[in-house]
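Numbering (the numbering used here), first residue to last: 215 to 548. Note that the Cβ used here is the ideal one computed from N, Cα and C, for glycine as well. Source: prediction; values computed, not measured.
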Ligand SMILES: [Zn+2]
């Protein structure tokens, strides 16, 4: 254990060294082994074990690593959808998974696989991936915003990922944006996430269907839960609820993005998550809201869709692990 507890020397990080990225999601668990250019050499995925607590997921992660690991693998990066301590690699809380309270994930995993393990927030990891080989690969100032079940973010300023105290910078979803709204996942009201996430979109659609059970939206969705994916068809058929809900989404996304521009002055906002599939329909209205609110002197940031899609997590986690190793950072599993 002592040998991998210490920083890896640069001599071990030859060009052919490889790193494994793990995307720990509430429904899917993925692993991929990448070379220095970001080429995926092997990847595997499993439905996340939600029955057996963190020990069950740890066993799954070990099994996935065993399948994708190469002889030149030098470390593991894991994107965590919750809070953790980078001091000792303990996951403090994962809201989407039962039993993940104060679980020493990095230590346990390092004991099993005998490689250094580093943890990072899942949205930051995706931002790293988009910045390396995705939609922001040519951009030093960008914000990655994932508009999904919630809203998360990763902020790059002058080419550096903002981490801040306890590594918690970038919780953009819980910035206040509305006077009132449904209760947010954090328990407060008015958060950006509570009005603009995919969850908020689905809630508005459910309400519209209940109010208009014979409408176009209701007939399209039938008896399953609605999602943003249903909006383009409903809009094409002229459904007024769908048109209104999409316009509200564009307004709140534009308002949130212009806040990001005033905070961080990005040149580009990279939109990820399920709602980003609607960007072609939303784009012009988002830009109009941003333009209306942006202070004089700012150039309007581009708003583009993330390009790595569901690979952003594993790709970013592997690049993150490589960066930690190159910087001589101690394993979080020490
Ligand atoms: Zn909130």
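DSSP beta-bridge partners for residue 489? Answer by DSSP bridge pairing: none, since residue 489 is not bridged.
So residue 246 is in the beta strand (DSSP E); what residue range does that whole segment cover? 242–248
Count the other CB atoms within 10 Å of the CB of residue 407; is the residue buried (16 or more) or exposed (fewer)? buried
From residue 410 to residue 471, what distance separates their C-alpha atoms? 11 Å
Pocket of ligand 1 (residues with CB nearer than 7 Å to any heavy atom), chain order: 387, 388, 398, 399, 400, 402, 405, 407, 408
Span separating the alpha-carbon of residue 288 from that of residue 299: 22 Å
Is the stretch 481–497 close to the stretch 398–407, with three or more CB pairs under 8 Å? no
Pull up the distance between the alpha-carbon of residue 419 and that of residue 263, whole angstroms please. 30 Å
Look up residue 358 in the DSSP assignment and give the residues it is bridged to. 368, 484
Three-pair Cβ contact test at 8 Å for the stretch 456–471 versus the stretch 339–354: no
Going by other Cβ atoms of all chains shown within 10 Å of its Cβ, with 16 needed for buried, is residue 538 buried or exposed? buried
I'd like to know if the stretch 266–282 and the stretch 505–524 are in contact, where contact means that at least 3 CB-CB pairs between them fall below 8 Å. no
My assumption, with CB atoms under 8 Å, is that residue 243 sits in contact with residue 249. Please give the rounded CB distance. Residue 243 to residue 249, Cβ: 22 Å. No contact.
Applying the 10 Å Cβ sphere with the 16-neighbour rule, what's the burial state of residue 545? buried
Please list the terminal residues of the continuous alpha helix (DSSP H) segment that includes residue 325. 319–327
Between the beta-carbon of residue 387 and the beta-carbon of residue 339, is there less than 7 Å? no
In chain order, which alpha helix (DSSP H) runs of at least 4 residues are fully inside the stretch 439–508? 445–450, 454–478, 493–507
Would you list the one or two residues that DSSP bridges to residue 405? 390
From residue 318 to residue 332, what distance separates their C-alpha atoms? 12 Å
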